[in-house]
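Asks: Each number in my numbering comes from the position in the sequence shown (counting from 1) with 4 added on. Glycine included, each C-beta is placed from N, C-alpha and C at the ideal position.
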Amino acid sequence: MHIVDRRLNPGGKSLVNRQRFLRRAKAYVSQAVRDSLKDRSIKDLAGEGEITIRRDAIHEPTLHRAAKGGDRERVLPGNREFLEGDRIKRPDGGGGGGGAQAGEGEDEDDFRFALSREEFLDLFLDDLELPDMAKKKLVAGKIEGIRRAGYSTIGNPSNLSVPRTMQKAMSRRISLRRPSGRDLSRIDEAIAEIEGRAVPLPDDAVTLERLREERVQIIRRRNLIAYIDPVDLRFRRFEPVPRPVAQAVMFCLMDVSGSMTAHMKDLAKRFFALLHLFLSRCYEHVDVVFIHHTDRAAEVDEETFFYSTVTGGTLVSSALDKLIEVVKDRYSPSDWNIYVAQASDGDTLASDNARVANLMQNEILPFCQYFAYLEVGREEFASIEAATSTTGLWEAYAPVSQANRQFTMRKVSHRREIYPVFRELFQRRGVGERTPA
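(1) Could you tell me if isoleucine 158 is buried or exposed, where buried requires 16 or more neighbouring beta carbons within 10 angstroms of its beta carbon?
(2) Below 8 Å on the Cβ atoms is my guess for alanine 400 versus leucine 378; work out the distance and round it to an integer in Å.
(3) Candidates Ala194, Arg224 and Val203: which alpha carbon is nearest glutamate 213's?
(4) So, at 8 Å on beta carbons, what are the nonlocal neighbours of isoleucine 368 in its own chain, with the 5 sequence-adjacent residues on each side left out?
(5) Going by the DSSP bridge assignment, what does leucine 257 pair with across the sheet?
(6) Roughly how far, in whole angstroms, is the beta-carbon of arginine 182 from the beta-carbon of arginine 226, given that I think they are within contact range, below 8 Å?
(7) Tell me which residues share the same chain as arginine 300 and place their Cβ nearer than 6 Å to its Cβ, disregarding the 5 neighbours each side in the sequence.
(8) Can you tell me whether lysine 269 is buried or exposed, with buried defined as 16 or more other CB within 10 angstroms of its CB?
(9) How big is the Cα-Cα spacing for leucine 278 and tyrosine 311?
(10) In three-state DSSP terms, what is glutamate 303?
(11) Exposed or buried, tyrosine 423, counting other C-beta atoms within 10 Å across all chains shown (16 or more means buried)?
(12) Can you look up phenylalanine 375 in the DSSP assignment and give me helix, strand or coil?
(13) What is the residue span of the beta strand (DSSP E) that threonine 412 lies within?
(14) So glutamine 365 and valine 404 are supposed to be a Cβ contact under 8 Å. How far apart are they, rounded?
(15) Would you mind working out which of Ala230, Arg190 and Tyr231 sits nearest arginine 219, comparing C-alpha positions?
(16) What residue from Lys273, Arg359 and Ala202 has the CA that sits closest to arginine 419's CA?
(17) Are leucine 283 and leucine 164 touching if we call contact CB-CB under 9 Å?
(18) Tell me which residues share the same chain as valine 203 and place their Cβ nearer than 7 Å to its Cβ, disregarding the 5 neighbours each side in the sequence.
(19) For the putative contact between aspartate 351 and serine 263, defined by C-beta atoms under 8 Å, what is the C-beta separation to the nearest angstrom?
(20) Determine the direct distance from the alpha carbon of methionine 174 to that of histidine 289, and round the result to whole angstroms.
(21) State buried or exposed for leucine 87, treating a residue as buried only when at least 16 other CB atoms are found within 10 Å of its CB.
(22) On the premise that phenylalanine 411 lies in contact with leucine 132, defined as a C-beta separation below 8 Å, what is that separation, rounded to the nearest angstrom?
(23) Under 6 Å Cβ to Cβ from leucine 180, same chain only, skipping five residues before and after it: list those, please.
(24) Would you decide whether glutamine 221 is buried or exposed? Buried here means 16 or more other CB atoms lie within 10 Å of its CB.
(25) Within a Cβ cutoff of 6 Å, which residues of the same chain sit near leucine 257, ignoring the five residues on either side of it in sequence?
(26) Could you work out which residue in Gly185, Val380 and Trp340 is closest to phenylalanine 426 when comparing CA atoms only?
(27) Count the other C-beta atoms from every protein chain shown that fall within 10 angstroms of the C-beta of serine 184, then say buried if there are 16 or more, exposed otherwise.
(28) So, for phenylalanine 371: in the same chain, excluding its five sequence neighbours on each side, which residues have a beta-carbon less than 7 Å away from its beta-carbon?
(29) Below 6 Å CB to CB, which residues in the same chain sit around isoleucine 232 once its five sequence neighbours on both sides are set aside?
(30) Measure from the alpha carbon of threonine 394 to the alpha carbon of each residue in Arg414, Arg334 and Ala407, then state which is nearest.
(31) Using the Cα positions of threonine 211 and alanine 196, report the straight-line distance between them to the nearest angstrom.
(32) Pick from Ile198, Phe275 and Phe255: whose alpha carbon is nearest that of arginine 334?
(33) Closest by CA to tryptophan 340, which one among His280, Glu217, Val253 and Gln406?
(34) Note down, in chain order, each residue of its chain lying with its Cβ closer than 8 Å to the Cβ of arginine 151, except the 5 sequence neighbours on either side.
(35) Take arginine 168 and list the residues in its own chain whose beta-carbon comes closer than 7 Å to its own, dropping the five residues that flank it on each side.
(36) Quick check: what's the CA-CA separation for alanine 153 versus arginine 240?
Shown next, in the form of structure tokens:
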């Protein structure tokens, strides 16, 4: 199929060049957003702010007369030196007529503009996703479910709510002052008492007539005001609602033991802050469970997870045990897609490594669809440690990672490495391939 674009070009511009400019500008803005994240704190991570891109990145090509080449046969106003017909040497580039010379070199002015929170997050998170959603696609679509939606005055008889109907009927009878059965019984008893007297009293005739009229009025009102009226009927109402076609839960495990320096904790917290921001932004139906550990593990809320000052020894298996416990209690692997992200400095008891590897291989990975391990290191020895050193936990995890595709390991030692590693772990398929650690 051939498509002929017959849209008119804007004046002095090429439509193809303009489209190319828009694509190029978006790439520069996206890169500027990612670069600006390096200097943001955890609390400001999702906020709006200004970004800067080079001026040449937003230059839009235009069609104009070339500055070099061609003939000029006119004298511009203000000329006091040349006459028509004079032949002069063309000046070299870099100067400007009628003013101070700008000099050689590229213009370095930057273009700064503000992005809203929504725009900022869209640019940063647009190519990320939870990997390998095997059971069902989380965002591929929604199915219609049924949920209770109060009561209705019309409906199927099988959905009739008898308690609510009787409640409405009673409210109506009370508001309209419908005589009760006790009122009618009281009148009948009074009439029977008068009629049963052996010696009538002087005013019995008047009283009896009044009671009989009152009895007629009571019966008439009871007939007019029904015990149950069609307006009292209440039916249980149901409405269709969209429901996600899959459920996912992300477990965030973080080491807060004494071996974790303030710098390491900051790296781990930044990674999980990004992760939590990504999940809450991109996936509406994902549960997030926070577990931090020293030699004991605990499930905590988000505030405690990021800002708690608890410290102690290191026992990684305690966090894995807590993970397994929570999964058994609340997240059945047959119903949930389970993802785990762990951050630690890798310093753990040597006697615990064998149990950690066993828990990972035999208990966690069988129900886990993706496990990302982030090992944080010291900033001052970043390049040396990343290339040469290995920790006990890294050595325990390495064979497990090689044998299981869904287990990925990465190292970071500086703030600037958090965002590239995060994007590498959670980038959308087709954007790039994950490589084993």
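Replies: Walking through what the data contain:
(1) In the sequence shown, the residue the question calls residue 158 occupies position 154. With fewer than 16 Cβ atoms within 10 Å of its Cβ, isoleucine 158 is classed as exposed.
(2) Mapped onto the sequence shown, residue 400 falls at position 396. Mapped onto the sequence shown, residue 378 falls at position 374. That pair is no contact at about 15 Å.
(3) Position 209 of the sequence shown, counting from 1, holds the residue named residue 213. Of Ala194, Arg224 and Val203, the residue nearest in Cα terms is Ala194.
(4) Counting from one through the sequence shown, the residue named residue 368 turns up at place 364. Only Leu324, Leu327, Ile328, Val344 and Phe375 meet the Cβ criterion.
(5) Counted from its first residue, the sequence shown places residue 257 at position 253. According to DSSP, which records beta bridges pairwise, leucine 257 is partnered with Ile295 and Gln346.
(6) Here residue 182 corresponds to residue number 178 of the sequence shown, with the count starting at 1. Here residue 226 corresponds to residue number 222 of the sequence shown, with the count starting at 1. With 8 Å as the limit, arginine 182 and arginine 226 qualify as a contact, their Cβ atoms being about 6 Å apart.
(7) Numbered from its first residue, the sequence shown carries residue 300 at position 296. The answer, listed in chain order, is Ser322.
(8) Along the sequence shown, one-based indexing puts residue 269 at 265. Looking at its Cβ environment, which holds 16 or more other Cβ atoms inside 10 Å, lysine 269 is buried.
(9) On the sequence shown, residue 278 is found 274 positions in, with the first residue counted as 1. On the sequence shown, residue 311 is found 307 positions in, with the first residue counted as 1. The straight-line gap from Cα to Cα measures roughly 15 Å.
(10) If you number the sequence shown from 1, residue 303 lands on position 299. Glutamate 303 falls in the strand class under three-state DSSP.
(11) Here residue 423 refers to the residue found at position 419 of the sequence shown. Result: buried.
(12) Here the question's residue 375 lines up with position 371 in the sequence shown. Strand at phenylalanine 375.
(13) As a working mapping, residue 412 is identified with position 408 in the sequence shown. 411-416 is the extent of the beta strand (DSSP E) around threonine 412.
(14) Numbered from its first residue, the sequence shown carries residue 365 at position 361. Numbered from its first residue, the sequence shown carries residue 404 at position 400. Going by Cβ atoms, the distance from glutamine 365 to valine 404 rounds to 5 Å, so yes, they are a contact pair.
(15) Numbered from its first residue, the sequence shown carries residue 219 at position 215. Comparing Cα positions, the closest option is Arg190.
(16) For the purposes of this step, residue 419 is taken as the residue at position 415 of the sequence shown. With distances taken between Cα atoms, arginine 419 lies closest to Lys273.
(17) Taking the first residue of the sequence shown as position 1, residue 283 is located at position 279. Taking the first residue of the sequence shown as position 1, residue 164 is located at position 160. Going by C-beta atoms, leucine 283 is not nearer than 9 Å to leucine 164.
(18) Within the sequence shown, the letter at position 199 stands for residue 203. Once the five neighbours on either side are set aside, valine 203 has no close Cβ partner at all.
(19) As a first step, residue 351 must be located in the sequence shown, where it is residue number 347. As a first step, residue 263 must be located in the sequence shown, where it is residue number 259. That belief holds up - the Cβ atoms of aspartate 351 and serine 263 are roughly 4 Å apart, short of 8 Å.
(20) Residue numbering aside, residue 289 sits at position 285 when the sequence shown is read from its first letter. Residue numbering aside, residue 174 sits at position 170 when the sequence shown is read from its first letter. Answer to the nearest angstrom: the Cα atoms are 43 Å apart.
(21) Here residue 87 corresponds to residue number 83 of the sequence shown, with the count starting at 1. Exposed, since its Cβ has fewer than 16 Cβ neighbours within 10 Å.
(22) Start at 1 with the first residue of the sequence shown, and residue 132 comes out as number 128. Start at 1 with the first residue of the sequence shown, and residue 411 comes out as number 407. Not a contact, Cβ separation roughly 19 Å.
(23) Numbered from its first residue, the sequence shown carries residue 180 at position 176. Correct list, in chain order: Ile229.
(24) Residue numbering aside, residue 221 sits at position 217 when the sequence shown is read from its first letter. It is exposed - the Cβ of glutamine 221 has fewer than 16 other Cβ atoms within 10 Å.
(25) To locate residue 257, count along the sequence shown from 1; it is residue 253. Excluding sequence neighbours, leucine 257 sits near Ile295, Ala323 and Gln346.
(26) Within the sequence shown, the letter at position 422 stands for residue 426. The residue with the shortest Cα to Cα distance from phenylalanine 426 is Val380.
(27) What you label residue 184 is simply residue 180 of the sequence shown in a count that begins at 1. Exposed, by the Cβ-count rule.
(28) In the sequence shown, counting from the first residue as 1, residue 371 sits at position 367. Excluding sequence neighbours, phenylalanine 371 sits near Val331, Pro337 and Ile342.
(29) Locating residue 232 in the sequence shown gives position 228, where the first residue counts as 1. Here the set comprises Ala173.
(30) Residue mapping note: residue 394 aligns to position 390 of the sequence shown, counting from 1. The residue with the shortest Cα to Cα distance from threonine 394 is Arg414.
(31) Mapped onto the sequence shown, residue 211 falls at position 207. Mapped onto the sequence shown, residue 196 falls at position 192. Each residue's alpha carbon lies about 12 Å from the other.
(32) Numbered from 1 along the sequence shown, position 330 holds the residue referred to as residue 334. For the residues Ile198, Phe275 and Phe255, the minimum Cα distance to arginine 334 belongs to Phe255.
(33) Counting from one through the sequence shown, the residue named residue 340 turns up at place 336. If we check each option's Cα against that of tryptophan 340, Val253 comes out closest.
(34) Counting from 1 along the sequence shown, the entry for residue 151 is found at position 147. Answer for arginine 151: Phe242, Glu243 and Val245, listed in chain order.
(35) Translated into the one-based positions of the sequence shown, residue 168 becomes position 164. If we look at arginine 168 and ignore the five residues flanking it on each side, its Cβ neighbours are Tyr155 and Arg238.
(36) Walking along the sequence shown from the start, residue 153 turns up at place 149. Walking along the sequence shown from the start, residue 240 turns up at place 236. Cα to Cα, alanine 153 sits roughly 8 Å from arginine 240.
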